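Under UniProt numbering, the residue at position 86 of the sequence shown is numbered 86, and the numbers go up by one with no gaps. Input: a single structure, listed below in structure tokens.
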Amino acid sequence: MKKTGDGSGAAAPLRDMGPAGPYHGDSSFSQEPGVRNIAIWGLLSALLLAFSAAAAAAPPTQKLPEPAITVRFDYYPQDLATIRALERKLASAINRAKAGELGETELHLDGNDGFLYLYGPDPDRLYAAAGPILRPSRLMVHAEVTKQYAASSKTFPLGKDNPD
Numbered sequence: 001m002k003k004t005g006d007g008s009g010a011a012a013p014l015r016d017m018g019p020a021g022p023y024h025g026d027s028s029f030s031q032e033p034g035v036r037n038i039a040i041w042g043l044l045s046a047l048l049l050a051f052s053a054a055a056a057a058a059p060p061t062q063k064l065p066e067p068a069i070t071v072r073f074d075y076y077p078q079d080l081a082t083i084r085a086l087e088r089k090l091a092s093a094i095n096r097a098k099a100g101e102l103g104e105t106e107l108h109l110d111g112n113d114g115f116l117y118l119y120g121p122d123p124d125r126l127y128a129a130a131g132p133i134l135r136p137s138r139l140m141v142h143a144e145v146t147k148q149y150a151a152s153s154k155t156f157p158l159g160k161d162n163p164d
């Protein structure tokens, strides 16, 4: 208990903050803390709603194109150098043919499945450039190719002797 200066041991009286509390002369806030909190949350909610509406009105981001060809193949971690050499050959052949481009290569960490993604406007033209590079590769013995057309897709085993 806080002692007063008179030695009586009585608690000091609370300081009178006046009728407006600590915000003397500020009439923009209510004197009730609960009402003030509601007003602040209302303002924040209105701002959030305005930003959400502005984001919805923004033009949509451009969707990335689907790969025209996906090649699924089996590999082992020791095949990484062979995969990188195959990627270089594919990129060169596709660029020379002006058929599109070689996209990313996805190699699963477990060392079993790999995926090559090739992009271009015409899957058949793209495969005409990439097929002669893919077919003789030992990594492609059990590979599966998917050509993605506008409304359909065609999947087939690559194999060394597959003419498609």
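Every residue gets a Cβ at the ideal spot worked out from N, C-alpha and C, and that includes glycine. Treat the numbers as computed from the prediction; the structure is a model and nothing was measured.
- Query: Would the beta-carbon of G100 fall within 8 Å of that of Y76?
  - Reply: Contact: no.
- Item | Neighbourhood of P157 by C-beta distance below 6 Å, restricted to the same chain and skipping five residues each side | Same-chain partners within the cutoff: E144.
- DSSP state of K89, grouped into three classes? Helix, per DSSP.
- Query: Near S137, which residues of its chain fall below 8 Å by C-beta distance, leaving aside the five closest residues on each side in sequence?
  - Reply: Same-chain partners within the cutoff: T82 and L86.
- R125 to E66 span [Cα, whole Å]: Inter-residue distance for R125 and E66 is about 16 Å (C-alpha atoms, whole angstroms).
- Task: Decide if K98 is buried, meaning its Cβ has at least 16 other Cβ atoms within 10 Å, or exposed.
- Result: Its Cβ having fewer than 16 others within 10 Å, K98 is exposed.
- Put residue 189 into one of helix, strand or coil per three-state DSSP. Examination of residue 189 is not possible in this model, given that the chain is present from 1 through 164 alone.
- Task: Tell me whether P123 is buried or exposed, calling it buried when 16 or more other Cβ atoms sit within 10 Å of its Cβ.
- Result: Classification for P123: buried.
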